[in-house]
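*Asks:* The following block contains the structure, expressed as C-alpha cells.
Protein chains: 2
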Amino acid sequence: MRNPNRVFKDAIYEQFARIGKAVSSPKRLELLDLLCQWERTVEALAKETGLTVANASQHLQALRAARLVETEKVGVFVTYRVADQVVCEFFRSMRVLAESRLAEVEQIKRRFLEGREGMEPVDRDALIERIREGAVIILDVRPVEEYNAGHIPGAMSIPLKELERHLSELPHNQEIVAYCRGPYCVLAIQAVEMLRAKGFNAVRLEEGIQDLRAIGFPMAVGEEK
Amino acid sequence: MRNPNRVFKDAIYEQFARIGKAVSSPKRLELLDLLCQWERTVEALAKETGLTVANASQHLQALRAARLVETEKVGVFVTYRVADQVVCEFFRSMRVLAESRLAEVEQIKRRFLEGREGMEPVDRDALIERIREGAVIILDVRPVEEYNAGHIPGAMSIPLKELERHLSELPHNQEIVAYCRGPYCVLAIQAVEMLRAKGFNAVRLEEGIQDLRAIGFPMAVGEEK
DNA sequence: CAATTATTCAATAAATTAGTTTATTGGTTG
DNA sequence: CAACCAATAAACTAATTTATTGAATAATTG
Numbered sequence: 001m002r003n004p005n006r007v008f009k010d011a012i013y014e015q016f017a018r019i020g021k022a023v024s025s026p027k028r029l030e031l032l033d034l035l036c037q038w039e040r041t042v043e044a045l046a047k048e049t050g051l052t053v054a055n056a057s058q059h060l061q062a063l064r065a066a067r068l069v070e071t072e073k074v075g076v077f078v079t080y081r082v083a084d085q086v087v088c089e090f091f092r093s094m095r096v097l098a099e100s101r102l103a104e105v106e107q108i109k110r111r112f113l114e115g116r117e118g119m120e121p122v123d124r125d126a127l128i129e130r131i132r133e134g135a136v137i138i139l140d141v142r143p144v145e146e147y148n149a150g151h152i153p154g155a156m157s158i159p160l161k162e163l164e165r166h167l168s169e170l171p172h173n174q175e176i177v178a179y180c181r182g183p184y185c186v187l188a189i190q191a192v193e194m195l196r197a198k199g200f201n202a203v204r205l206e207e208g209i210q211d212l213r214a215i216g217f218p219m220a221v222g223e224e225k
Numbered sequence: 226m227r228n229p230n231r232v233f234k235d236a237i238y239e240q241f242a243r244i245g246k247a248v249s250s251p252k253r254l255e256l257l258d259l260l261c262q263w264e265r266t267v268e269a270l271a272k273e274t275g276l277t278v279a280n281a282s283q284h285l286q287a288l289r290a291a292r293l294v295e296t297e298k299v300g301v302f303v304t305y306r307v308a309d310q311v312v313c314e315f316f317r318s319m320r321v322l323a324e325s326r327l328a329e330v331e332q333i334k335r336r337f338l339e340g341r342e343g344m345e346p347v348d349r350d351a352l353i354e355r356i357r358e359g360a361v362i363i364l365d366v367r368p369v370e371e372y373n374a375g376h377i378p379g380a381m382s383i384p385l386k387e388l389e390r391h392l393s394e395l396p397h398n399q400e401i402v403a404y405c406r407g408p409y410c411v412l413a414i415q416a417v418e419m420l421r422a423k424g425f426n427a428v429r430l431e432e433g434i435q436d437l438r439a440i441g442f443p444m445a446v447g448e449e450k
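For the record, the sequence lines run as chains A and B.
When you line the first sequence up against my numbering, it's residues 1 to 225, in that order.
When you line the second sequence up against my numbering, it's residues 226 to 450, in that order.
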C-alpha cells in the first residue's frame with residue numbers, strides 16, 4: 001500500500017475520526033453538553049455525571065486530546081471549558097441529527113415524561129412568541145453561573161435548589177415559563193412540578209440556551225438589572 | 226443507581242453516542258463521504274476505499290445501524306445511500322470542526338500538495354466570483370453519476386479517466402477551473418496536473434458540491450443541455 | 001514542613017471493536 | 001438445476017477502549 005493518494009486519505013480521515021472518537025462515548029457527550037453551558041472543575045463534572053473523579057478526568061482528557069475542550073489550572077483546581085463555541089454548535093447538530101434519525105430518542109423522552117403532570121408538549125412557537133412579547137414570567141432554573149453565561153433577556157434567575165425559598169417572589173396571576181439546559185435536562189421539569197403543586201400557573205420551555213441561540217434568539221449575559 | 230433521572234440521561238446520551246460511534250472510524254467516514262456524493266454498491270465502495278468487500282459490508286452495516294445510510298436491493302446488488310441530506314450536512318460540520326480545531330489536517334494537506342505544480346492556494350472568493358460570472362470554463366471531473374446528482378450550473382462533465390481523450394474539446398485561450406468532491410479528493414488535482422502538462426491554463430477549486438451548497442451556491446442536476 | 005486536597009497517572013480486568021478468513025444466503029444465468 | 005455472483009454471516013485473532021483501583025503529583029493550608 002505505497003499509493004500516496006491512499007496514504008493521504010487515510011491520514012485525513014484518521015484526523016476526522018479523532019473528533020468522532022471523542023463523541024462516541026455517552027459519558028463524554030454528557031460532559032460536553034454540560035461544558036457547553038459553562039466551565040466546571042473535574043470534581044463538579046464528576047458529581048453531575050455520576051462518574052468517579054478519575055474516570056471523569058480520563059474522559060475529559062480524551063475530549064482535550066481531540067481539542068474540543070481546554071483546561072486552566074487555578075490553584076488546586078483544574079477548570080475545563082469548551083475550546084470554541086463551534087464545538088457546542090457541532091454537539092447540537094449531532095443531537096438534532098440523533099433526534100431526527102433515531103426514533104428511540106423520542107420514545108425514551110416520552111416514557112420518561114409520561115405520568116408527569118403538566119409536561120404535555122406545548123405549542124413551542126406560540127410560547128416563544130409570548131416570551132418575545134414579554135407576556136409571561138420567564139424563569140431560569142439553572143445554577144447562577146450558567147445564567148450569567150447567557151440567558152433569555154428579562155428572565156429571572158432562581159436555581160432549582162433555591163426555588164422553594166423564593167416562591168413568594170413569584171406571582172400567582174401570571175403564567176410562568178421555566179427553562180433550563182435543554183430537552184434532556186430535568187431541572188425545568190422539576191421546577192414546573194413544584195410550582196404546579198404550589199398552585200402556580202407554570203409551563204416548561206423545552207428549548208435550552210443553545211437551541212434558542214441557534215434560532216437567532218437574542219441572549220443576555222451577566223446579572224439582570 | 227435507581228435514580229430515574231440518571232436512567233433517563235444514560236439512555237439519551239447512549240442514543241447520541243450511536244451517531245458518534247458510527248463516525249468514529251476513519252473508514253466509515255470515508256464511506257460516508259463518498260455516499261454524500263452519490264449512492265453506490267458495496268463492491269464499488271470497497272474498491273474505492275481499498276477495503277475488502279466483507280469489511281466494507283461490516284462498516285456499512287454499522288452506518289445503517291445508526292440510521293445514517295439506507296439500502297436497496299436491486300437484483301444481486303445492494304445499493305447504499307445516505308438516509309437523508311442532513312447526514313451530509315452533519316458530516317460536513319464534523320469536517321469543518323476538524324479543520325478548525327486540528328492543525329494536523331492543514332499540515333497533512335500541505336505536505337501532500339507540496340512540490341506539485343500549480344496547486345498553490347488560489348483566492349477562493351475571487352475564483353468563485355469568476356465562476357458565478359461565467360468568466361471561466363468549469364470542469365467537473367467526477368464520475369458522471371455524481372455530476373448528474375448535482376453540479377455547478379454550466380460545468381462540463383469530463384470524468385478524470387476520460388479527460389485525456391477529450392482534451393480537444395477544451396480551449397487553450399481560456400482559464401479552466403476543475404473541481405471534484407472537495408478538498409480531500411484528488412481527482413481535480415490530477416486533472417489540473419494533466420491539463421497544465423498539456424499547456425492548458427488550469428486551476429483547481431478546492432470546494433466540493435457540499436461546500437458550495439452550504440454557502441448557498443445554486444446547483445444543477447441531470448445532464449446539461 | 002507535614003497534612004490535605006484536587007487531579008492525574010499507571011496497572012489491571014472486562015468489554016468492545018476491527019480486520020481476516022471461510023462459509024452461507026439469495027438471486028441470476030446458462 | 002447447476003454454476004455463478006454480490007453480499008452477508010460467522011468465527012476467530014488482535015487491538016483498542018472502558019471502568020476501577022491505588023499510587024503519584026502538585027498546589028494549598030495549618
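The beta carbon of each residue, even a glycine, is placed where N, CA and C say it ideally should be.
In this text the structure is predicted, and so the values were computed from the model without any measurement.
1. Quick check on B/Met226: does DSSP put it in helix, strand or coil?
2. For A/Asp10, which residues in chain B fall below 7 Å Cβ to Cβ?
3. Just to make sure I have the definition right: I need the residues of chain A whose C-beta is within less than 7 Å of the C-beta of B/Arg320. Which are they?
4. Would you give the residue range spanned by the alpha helix (DSSP H) that A/Glu145 belongs to?
5. List, in order along the chain, the chain B residues whose C-beta lies closer than 8 Å to that of A/Asp84?
6. Residues of the stretch 260-284 of chain B with a CB closer than 7 Å to any CB of chain A: list them in chain order, please.
7. What's the gap between the Cα of A/Val42 and the Cα of A/Leu205?
8. Taking the alpha helix (DSSP H) that B/Val303 falls in, what are its first and last residues?
9. So if DSSP puts B/Thr492 in a beta bridge, which residue, or which two residues, is it bridged to?
10. Since A/Ile209 meets chain B, which of its residues come closer than 7 Å, beta carbon to beta carbon?
11. With a threshold of 6 Å on Cβ separation, who are the neighbours of A/Met1 within its own chain once the five nearest residues in sequence on each side are excluded?
12. Using a Cβ-Cβ cut-off of 8 Å (strictly less than) and excluding sequence neighbours within five positions of A/Arg18, which residues of its own chain qualify?
13. Closest Cβ-Cβ distance between B/Val303 and chain A: below 8 Å?
14. Which of the three DSSP states is assigned to A/Ile189 in this structure?
15. Of the residues that make up the stretch 178-199 of chain A, which ones have a beta carbon closer than 8 Å to any beta carbon in chain B?
16. Provide the residue span of the alpha helix (DSSP H) that contains A/Ile128, from first to last.
17. Counting Cβ pairs, one atom from each stretch, are 3 or more of them under 8 Å apart for the stretch 8-15 of chain A and the stretch 240-255 of chain B?
18. Going by DSSP, which residues form a beta bridge with A/Asp140?
19. Expressed to the nearest angstrom, what Euclidean distance is found between the alpha-carbon atoms of A/His151 and A/Gly20?
*Replies:* Well, looking at it:
1. Here residue 226 of chain B refers to the residue found at position 1 when the second sequence is read from its first residue. Residue placement at B/Met226 is poorly supported in this model, since its pLDDT is 49, which falls under 50; the coordinates are not used for a value here.
2. Translated into positions along the first sequence, residue 10 of chain A becomes position 10. Simply Pro251.
3. Position 95 of the second sequence, counting from 1, holds the residue named residue 320 of chain B. Per Cβ cutoff of 7 Å: Phe16.
4. Your numbering for residue 145 of chain A matches position 145 in the first sequence. Run containing A/Glu145: Val144 to Ala149, per the alpha helix (DSSP H) assignment.
5. Here residue 84 of chain A corresponds to residue number 84 of the first sequence, with the count starting at 1. Going along chain B in sequence order, the residues near A/Asp84 (Cβ under 8 Å) are Ser325 and Arg326.
6. Gly275
7. One-based indexing of the first sequence puts residue 42 of chain A at position 42. One-based indexing of the first sequence puts residue 205 of chain A at position 205. The alpha-carbon atoms of A/Val42 and A/Leu205 are separated by roughly 29 Å.
8. As a first step, residue 303 of chain B must be located in the second sequence, where it is residue number 78. No alpha helix (DSSP H) holds B/Val303; the beta strand (DSSP E) holding it covers Phe302 to Val307.
9. With chain B covering only 226 through 450, there is no way to say anything about residue 492 of chain B.
10. Locating residue 209 of chain A in the first sequence gives position 209, counting from the first residue. Chain B residues near A/Ile209: none, gap ~18 Å exceeds 7 Å.
11. Locating residue 1 of chain A in the first sequence gives position 1, where the first residue counts as 1. Summary for A/Met1: the model assigns pLDDT 49, below 50, so the residue's position carries little reliability, and this model does not support an answer.
12. Translated into positions along the first sequence, residue 18 of chain A becomes position 18. Result list for A/Arg18: Ala65 and Ala66, in chain order.
13. Against the second sequence, residue 303 of chain B aligns to sequence position 78. Chain A, which has no Cβ nearer than 8 Å to the Cβ of B/Val303, makes this no.
14. As a working mapping, residue 189 of chain A is identified with position 189 in the first sequence. In the three-state reduction of the DSSP assignment, A/Ile189 falls in the helix class, which pools H, G and I.
15. For the stretch 178-199 of chain A, which is checked against every Cβ of chain B, the residues closer than 8 Å are Tyr184 and Val186.
16. Taking the first residue of the first sequence as position 1, residue 128 of chain A is located at position 128. Where A/Ile128 is concerned, the enclosing alpha helix (DSSP H) stretches over Arg124 to Glu133.
17. yes
18. Locating residue 140 of chain A in the first sequence gives position 140, where the first residue counts as 1. A/Asp140 is bridged to A/Ser157 and A/Tyr179.
19. Within the first sequence, residue 151 of chain A is the residue found at index 151, counting from 1. Within the first sequence, residue 20 of chain A is the residue found at index 20, counting from 1. C-alpha separation (whole angstroms): 30 Å.
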